[in-house]
Amino acid sequence: MNLLSMMRRFFYVALLCPLFLVLCACGDGDRNATEKRVVMSLGKQINTLDPALAADTTSQYVCGAFYDTLLQYRYAEGEYQLEPCMLTAMPEVSSDGTAYTCTLRDDLYFQDGEAFAGADKSVRKITARDVAFSILRLADTRLRSPGFWLIRDRVRGLEAFQKRTEAAADGDLSPYDDLCEGLEIRDDRTLVIHLEKADPRFLYALALPYTAVVSRRALEHYGDDFADHPQGSGPFRLTRWEKDYIIEMARYDGYHTESDGRTLPAADRISCYLVKQPLASWLMFLQGRLDLYVPDSECFEAVVNKDLELSPALRGRGIRLLSRPQLETNYIGFNFTDPLLGNNLHLRRAITLAFDRERRIEHSGSRFSAAYGPVPPGVPGAVTEPNPELGRRDLAAAKRELELAGYKDGIDPKTGRALVITFDQTGSDTFYRQTAELMANDMAEIGIDIQPEFNTWPRFVQKLRAGSIQLFRYSWTADYPDAENFLQLFYGENAGGCNRVNYRSAEYDAMYRKFLAVSDSAEYAAMSQKMIRYLQGECPWIFETHTMCFVMAHEWLSGYMPHDFAFNRWKYLSVDPVAREQKIKSFKPFSMNELTY
Numbered sequence: 249m250n251l252l253s254m255m256r257r258f259f260y261v262a263l264l265c266p267l268f269l270v271l272c273a274c275g276d277g278d279r280n281a282t283e284k285r286v287v288m289s290l291g292k293q294i295n296t297l298d299p300a301l302a303a304d305t306t307s308q309y310v311c312g313a314f315y316d317t318l319l320q321y322r323y324a325e326g327e328y329q330l331e332p333c334m335l336t337a338m339p340e341v342s343s344d345g346t347a348y349t350c351t352l353r354d355d356l357y358f359q360d361g362e363a364f365a366g367a368d369k370s371v372r373k374i375t376a377r378d379v380a381f382s383i384l385r386l387a388d389t390r391l392r393s394p395g396f397w398l399i400r401d402r403v404r405g406l407e408a409f410q411k412r413t414e415a416a417a418d419g420d421l422s423p424y425d426d427l428c429e430g431l432e433i434r435d436d437r438t439l440v441i442h443l444e445k446a447d448p449r450f451l452y453a454l455a456l457p458y459t460a461v462v463s464r465r466a467l468e469h470y471g472d473d474f475a476d477h478p479q480g481s482g483p484f485r486l487t488r489w490e491k492d493y494i495i496e497m498a499r500y501d502g503y504h505t506e507s508d509g510r511t512l513p514a515a516d517r518i519s520c521y522l523v524k525q526p527l528a529s530w531l532m533f534l535q536g537r538l539d540l541y542v543p544d545s546e547c548f549e550a551v552v553n554k555d556l557e558l559s560p561a562l563r564g565r566g567i568r569l570l571s572r573p574q575l576e577t578n579y580i581g582f583n584f585t586d587p588l589l590g591n592n593l594h595l596r597r598a599i600t601l602a603f604d605r606e607r608r609i610e611h612s613g614s615r616f617s618a619a620y621g622p623v624p625p626g627v628p629g630a631v632t633e634p635n636p637e638l639g640r641r642d643l644a645a646a647k648r649e650l651e652l653a654g655y656k657d658g659i660d661p662k663t664g665r666a667l668v669i670t671f672d673q674t675g676s677d678t679f680y681r682q683t684a685e686l687m688a689n690d691m692a693e694i695g696i697d698i699q700p701e702f703n704t705w706p707r708f709v710q711k712l713r714a715g716s717i718q719l720f721r722y723s724w725t726a727d728y729p730d731a732e733n734f735l736q737l738f739y740g741e742n743a744g745g746c747n748r749v750n751y752r753s754a755e756y757d758a759m760y761r762k763f764l765a766v767s768d769s770a771e772y773a774a775m776s777q778k779m780i781r782y783l784q785g786e787c788p789w790i791f792e793t794h795t796m797c798f799v800m801a802h803e804w805l806s807g808y809m810p811h812d813f814a815f816n817r818w819k820y821l822s823v824d825p826v827a828r829e830q831k832i833k834s835f836k837p838f839s840m841n842e843l844t845y
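For the sequence shown, the positions run 249 to 845 when our numbering is used.
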């Protein structure tokens, strides 16, 4: 029996099983028929609600419900335009591009709560010093913020501040009193950020959750528990957090209006369950107990056809399939600290030419699209056409390159047997095992023996840092929609950091440094494409695929759209509670014939 048949049978049993009604009763006891309560599953655990420590995507997005940033991305489909959030207008940039003057709105307040108990409202008003404090937290050596890279070598005078934090005891915030040379407070509403040199991409940093504005008073009040007690100026306030079960938030009535005059947030409450099993989320979604659902591969293949259409039964019940390309690149990395791969371009070219990208796209059910460079389509400077020599699978050319590499027919002359190369991944579930099998099959066709290695995330990172890794599969998701965010992954000075493959090229580094100084958009895009074509020939990565984002949503959910940087999405979400209750009460289980294609 194939996987799809097995899944359909399991779905059938599960959908008709009385236990399904028990599973889907989550939250029924406190459901209010008129309250606009959005219900979803996060799928992954929240690691922290301290914006300066939120390195994972789930934590970053949830922080966006409780904290605001100076800038935000316009919440419109297919747009990556920055706009003011906490500011009256976009920052004023000096003529030399090194100073950004930020003027705060006059209606910004931290949420009232335990940290401000008994205090006058004026104490909660957000000032330029709060913004400076929040930015400086990224450079606090005691905090070890994963967001420090955003301001490192950018904001002027951080070294003096860092030395003060090194000398201070944990919990001592006095190093912040004198700020730093690069953060100038002109008045309560005006902050000037001085950079070491002009950098037009700095604005993106002001829209990331890392730079969200936090309260010093709240940090002093909660101390080591600050990450569990968000008290920012965002659209929602935390009302409940059981870390292995649910996080709930209620609207913050003191939230400022949008620049277009809208009063937000649109929902009264949002409940986010931690449902770890995809099938459980799927069943809850079908009964209307979740308002949206991100389908896993098995579900996607069962209910979505090759034209990316939902089954008629699902569409007939008002379920929509939302999709858009995600700014994410999946790749196979060659570890350049490994002497076998790092010193042998012909071997890297042979492996690249033997790699069957199209088979992986077909295997994914169109959830991936072909990648021909690190920068995803839609970002200026992307290359969307394959390299004429290396961009498509060619086994004959792969075998010629393998012979030039010194391994004719895949034979290692040192052993007289097939050349053995390890292939590491960051997990061991079905997807990773299928990926390993595909890689082994591809390379077997040119005589190379692939040895799969399945790791936990900590073990994978440990091996990567130690250099005890050869081939590996990894992904990079954009921090902001700019080619630089991807091209930095090959810069020599980033080796051991975001340059996971430890690639070093004096020629590339020179191009990259020149690229960073370009301000003209057309020249910038042209230089990006030149650098990508150079990388295509160097083969530091096999450019595998770009990810497509798919989300299923019920018709009663409004304000949701797929967007790579919608950290502020929460305030736009809402539901029609009456329509939802009617659907839930009239729910009838699906038969397998109508549910699947």
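For glycine and all other residues, C-beta sits at the position ideal for the given N, C-alpha and C.
With burial defined as no fewer than 16 other Cβ atoms inside 10 Å of the residue's Cβ, what is the status of residue i: buried or exposed?
i      : result
Phe838 : buried
Val542 : buried
Tyr493 : exposed
Lys656 : exposed
Thr704 : exposed
Val826 : exposed
Lys833 : exposed
Asp730 : buried
Pro661 : exposed
Asn689 : exposed
Which residue marks the beginning of the beta strand (DSSP E) containing residue i, and which one marks its end?
i      : result
Pro560 : No beta strand (DSSP E) contains Pro560, which is instead part of the alpha helix (DSSP H) from Pro560 to Gly564.
Arg434 : Leu431 to Asp435
Tyr782 : Here Tyr782 belongs to no beta strand (DSSP E); instead the alpha helix (DSSP H) covers Ser769 to Glu786.
Arg499 : Ile494 to Arg499
Ile518 : Arg517 to Tyr521
Glu325 : Here Glu325 belongs to no beta strand (DSSP E), and DSSP marks it neither H nor E.
Met288 : Arg285 to Ser289
Val441 : The displayed chain sequence assigns Ile, not Val, to residue 441. Residues Thr438 to His442.
In terms of residues, what are the limits of the alpha helix (DSSP H) holding residue i?
i      : result
Cys311 : Thr305 to Phe314
Tyr722 : Not the alpha helix (DSSP H): Tyr722 falls in the beta strand (DSSP E), residues Leu719 to Thr725.
Thr413 : Leu406 to Ala415
Cys547 : Ser545 to Val551
Pro706 : Trp705 to Ala714
Does the distance from the C-beta atom of residue i to that of residue j stay below 8 Å?
i      : j      : result
Leu855 : Asn583 : This structure gives no information on residue 855, because the portion of the chain shown stretches from 249 to 845.
Glu283 : Asp516 : yes
Ala303 : Pro394 : yes
Trp818 : Pro332 : no
Tyr315 : Gly536 : no
Ser776 : Pro448 : no
Pro457 : Pro339 : no
Gly658 : Ile694 : yes
Phe738 : Tyr756 : yes
Pro573 : Ala773 : no
Ile780 : Thr600 : no
Val462 : Ile374 : no
Phe381 : Tyr348 : no
Reducing DSSP to helix, strand and coil, say where residue i ends up.
i      : result
Ala461 : Strictly speaking, residue 461 in this sequence is Val, with Ala absent from that position. Val461: coil per DSSP, three-state reduction.
Leu694 : Contrary to the premise, residue 694 reads as Ile rather than Leu in this sequence. Coil at Ile694, not helix or strand.
His802 : coil
Gln535 : coil
Thr577 : strand
Gln673 : strand
Ala827 : helix
Ser507 : coil
Asn747 : strand
Lys833 : helix
Arg256 : Because Arg256 sits at a pLDDT of 46, beneath the cut-off of 50, its placement in the model cannot be relied upon, and the following sentence gives the value as read from the coordinates. Here Arg256 sits in helix by DSSP.
Phe734 : helix
Ile383 : helix
Gly625 : The sequence given here has Pro at residue 625, not Gly. Here Pro625 sits in coil by DSSP.
Arg485 : strand
Find the nearest neighbour of residue i within the set the options, judged by alpha-carbon distance.
i      : options                           : result
Cys867 : Asp435, Arg596, Phe679 and Ile441 : Lying before the first or after the last residue shown, residue 867 is absent from the chain, which here runs from 249 to 845.
Ile609 : His794, Ala367 and Pro825         : His794
Ala514 : Leu643, Leu764, Asn816 and Tyr772 : Asn816
Ala619 : Gly613, His611, Ser612 and Ala630 : Ala630
Gln718 : Phe734, Asp368, Pro700 and Pro706 : Pro700
Trp530 : Met288, Ala408 and Thr505         : Met288
Met687 : Thr670, Gly675, Ala528 and Tyr321 : Thr670
Asp472 : Gly430, Met532, Gly654 and Leu297 : Leu297
Thr306 : Met759, Arg828, Phe835 and Phe813 : Phe813
Please confirm whether residue i has its beta-carbon closer than 8 Å to some beta-carbon of chain B.
i      : result
Cys520 : The chain labelled as chain B is not found in the depicted structure, where only one protein chain is given.
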